[in-house]
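The numbering used here applies: residue 19 is where the sequence shown begins, and numbers increase by one. Beta carbons: idealized from backbone N, C-alpha and C, even for Gly. Please read the structure below before turning to the comments.
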Amino acid sequence: MRDPKTIRNVALVGHHGTGKTALAEKILMKVGKIKAPGISDFDDFEKEHGMSVNLTLLPFEYEGVKVNMIDTPGYLDFAGEACAALHVSETAIFVLDISAREVGVQAERLWDRGEDHDMPRIIFVNKMDKEGVNFREYLEVIWNAFGKKAMPLYLPVGEGPNFKGLVSIFSDEFPEEVQALADELKERVMDLVVEIDDEIMEKYLGGEEITKEEIGRAMKEAFLEGNFIPVIPGSVEKDIGIDELLKVIKEDVPSPAERIWEKAYTADKPLIEQPFGAITFKVYIDTYIGKIVLFRVFGGSLKKGDTVLVKDTGAQVRINHIYEILGKELTEIDEIGPGDMGAITKVEEISANQILTDPNNPVELTKIPYPQPIMPIAIEPKTKTDQEKLLQALHKCNEEDPSFETFYDTEMHQTVVNLQGDVQQKLLLERLHNKYHVDVNLVPRKVPYRETIKGRAKAVGKFVKQTGGHGQYAVVHIEIWPLERGKGYEFEDAIFGGAISRTYIPSVDKGVRERMAKGVIAGYPVVDVHVKLFDGKEHPVDSSDYAFQVAGSLAFQEAMMNAKPILLEPIYKLTVKVPKDYVGDIMGDINSRRGRIIGMDTEGKYQVIIAEVPYAELMDYARAIRSITGGRGTFQMEFDHYAEVPAHMAEKIIAESQKEED
């Protein structure tokens, strides 16, 4: 079991194509952990499409420390994997591609998460060997995106094809080609250090000499607090900058004992002496092994044979096997301690993003904040008898990727999946086909419309069948009128003089409710209606509970058709957060969706637009906002209220509904 002081947990994050996986595997080869690339992207989808879709845990030893390095996907659709990696790591390493001349959308989004928690971050600027790159210009790109607290620890000697190495910014001598840049950046670094360290500021203002050691100490403290972000230029392809990155990981990245952010734990005593608590952050479902669950221990230790409490479900599970995992390769171990990461198997009761703890001394931990899924789709099995098989397969896929949601909509009779985007959809459909042998069709997502009325009407419902023997007889008189939106349904018994026996009054109510549930004009539930039963007739022999249910249903159907029936549609509150440059386009798009802007706000460099938009107009909004903003916009939506559908649109919806019934 490792001393947590000798552990470093780092997440490699950044946009797609920046070289995260290449960097991870180059490091593993450099330290002798693997002989050739291919350990990280082992999923069939990853191999076929040449892209990461899963986080991968890649531990290695380096000069006396154990580094738990987590490689993450760069596609926005799989930001949930990166969020999970950040949640269980002390430090994030942002891998940027200088040849792209931007930091990348995924990096921008994840940076904000790190900023919110003052997380230590390192920037590795990859592809310094590519034609036409300029490190000084790219620093401006970094500063514009992340702020001026990002400063180089090393400077490149040469650029593009002439890139041949690095020199420390604290060096006493610089190659001539670097001297001007070194002078400028050393001054900038000194300004930053003076700004963040009071002792150094006093010395600086007093004209005293400030040593390299003092500067180094101040930068280390600022790094731990998220106030200084070291930038390291490099090239994975040329193996430049990787040794310097490893040095920073070993010497500067905080250990789990140094950076304790879970409130359940304290720095007052060793983590090993505190109660066991862990977070599960990834599930793989292997064809042969079954479920493999990755977890991070925050305090205490876990031994083979221990029983843990799954805080989320209350289940108690015996852990018979503990492993160190490298990609998908498992090596069994007997015990794992605080700050470390590992895997467990044969634990069907445990899923991702759950808290595991000591049953006798449970602790509370913070769960992974996955991004909200924003793209709803509906699917159905190509073979109708595969519906149950589909639901089971979706559950297993959801265990491997908790960033999407799935449920069966009992009202619309649809299997609904809320996704992060099109690439995740493609992965899901391929997994269903290849892994679980379920083929599906994508079908339009149905909108949960409602029916109501705008006028008053009376009607008579008559159900009479008297053809000999025991028949059916019931006559009811009702009046209906609209209620305020959201009031639902009111039934008023206004029978006087015994026109209908008291025992049949609930039957009329039941018949009306059943008709309302089925709808009248388009097959959608009826809401916000008052029904008054004021007269009727019965037969001493032929009347029955059933007869009055049918009569009530018929009366309501006729009354509603004469009470100016309308369709209602769900209106959602849409909150959009975008860089200010995109505000005009976003507002124009919202207006084109019959939306109504109800508010605006500012959050740092982002503009927040709040609108009310019909749900029917938001089915493709995830694609639209990604297209408009290049992936830089985010949004959330929640149901707000129902409102009347415009008449010309209602006619079309009603016609389509009647067509389906026929």
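Legend entry - THR647: first and last residue of the uninterrupted alpha helix (DSSP H) it sits in: 639-647
Inset, instruction - Identify the continuous alpha helix (DSSP H) that holds VAL568 and give its terminal residues. - result: 563-579
Inset, instruction - Mind the definition here: the segment 380-398 touches the segment 332-343 only if three or more C-beta pairs lie below 8 Å; say whether that holds. - result: no
Inset, instruction - Sort GLY529, LYS536, GLN432 and GLN410 by Cα distance to ARG468 and report the nearest one. - result: LYS536
Legend entry - Residue interval of the beta strand (DSSP E) (run including ASN10): The structure shown does not extend to residue 10, since the chain is modelled only from 19 to 680, so the question has no answer here.
Legend entry - Nearest candidate by alpha-carbon position, reference ALA640, set ILE395, ALA477 and GLY473: ILE395
Legend entry - For TYR522, the nearest candidate out of GLY506, LYS505 and PRO558 (CA to CA): PRO558
Inset, instruction - Quick one: grab the DSSP three-state call for GLN625. - result: strand
Legend entry - Other residues of its chain near GLU532: CB distance less than 8 Å, five sequence neighbours each side excluded: GLN567 and SER571
Legend entry - Three-state class that DSSP yields for GLY132 in the structure shown: helix
Legend entry - Backbone secondary structure at THR593 - three-state DSSP: strand
Inset, instruction - Go through the segment 516-558 residue by residue and report every complete run of the alpha helix (DSSP H) that reaches 4 residues or more, in order. - result: 523-536
Legend entry - 8 Å Cβ shell around GLY132 - same chain, five flanking residues per side excluded: LEU104, ALA110, ARG139 and GLY244
Legend entry - Beta-carbon proximity list for GLU656, same chain, < 7 Å, skipping 5 on both sides: TYR590 and LYS591
Legend entry - Closest by C-alpha distance to VAL211, when choosing among ASP201, GLY224 and PHE241: PHE241
Legend entry - Helix, strand or coil at THR403 [DSSP, three-state]: helix
Legend entry - Three-pair Cβ contact test at 8 Å for the segment 463-483 versus the segment 539-547: yes
Legend entry - Reference ILE267; option with closest CA among THR647, GLU79 and ALA668: GLU79
Inset, instruction - With a 10 Å radius around its C-beta and 16 neighbouring C-beta atoms as the bar for buried, classify GLN410 as buried or exposed. - result: exposed
Inset, instruction - Flag this pair as yes or no: are the beta carbons of LEU114 and ILE88 separated by less than 9 Å? - result: no
Inset, instruction - At 4 residues or longer, and completely inside the segment 201-241: list those alpha helix (DSSP H) runs for me, N to C. - result: 216-223
Inset, instruction - Mind reading off the beta-carbon distance from LEU128 to VAL28? Whole number of angstroms is fine, and I expect it under 8 Å. - result: That belief does not hold up - the Cβ atoms of LEU128 and VAL28 are roughly 14 Å apart, past 8 Å.
Legend entry - Contact between the segment 355-367 and the segment 272-291 (3+ Cβ pairs under 8 Å): yes
Inset, instruction - Indicate whether PHE294 and VAL381 have their beta-carbon atoms separated by less than 9 Å. - result: yes
Legend entry - Residues bridged to HIS482 [DSSP beta-bridge criterion]: According to the sequence provided, residue 482 is Val. The question's His does not apply to it. VAL482 is bridged to TYR491.
Legend entry - Where THR366 sits in the DSSP three-state scheme: Per the sequence shown, residue 366 should be read as Glu rather than Thr. Coil at GLU366, not helix or strand.
Inset, instruction - Give the straight-line distance between the Cα atoms of SER561 and MET579, rounded to the nearest whole angstrom. - result: 26 Å
Inset, instruction - To the nearest angstrom, report how far apart ILE627 and GLN654 are at their CA atoms. - result: 11 Å
Inset, instruction - Report buried or exposed for THR403, applying the criterion of at least 16 other Cβ atoms within 10 angstroms of its Cβ. - result: exposed
Inset, instruction - Can you grab the Cα-Cα spacing for the pair VAL335 / ASP304, in whole Å? - result: 20 Å
Inset, instruction - Report, in whole angstroms, the separation of the C-beta atoms of ALA200 and LEU173, which I expect to be a contact under 8 Å. - result: 6 Å
Inset, instruction - Could you check what DSSP says for GLY617 in three-state terms: helix, strand or coil? - result: strand
Inset, instruction - Would you mind listing the beta strand (DSSP E) stretches within the segment 236-276 that are 3+ residues and don't spill past its ends, in chain order? - result: 247-251
Legend entry - For GLN124, the residue or residues it bridges with in DSSP: Note: GLN124 sits in no beta bridge, so no partner.
Legend entry - Candidates VAL538, LYS623 and GLN442, of which the one nearest LEU585 by Cα: VAL538
Legend entry - 9 Å Cβ cutoff met for GLU108 and GLU276: yes
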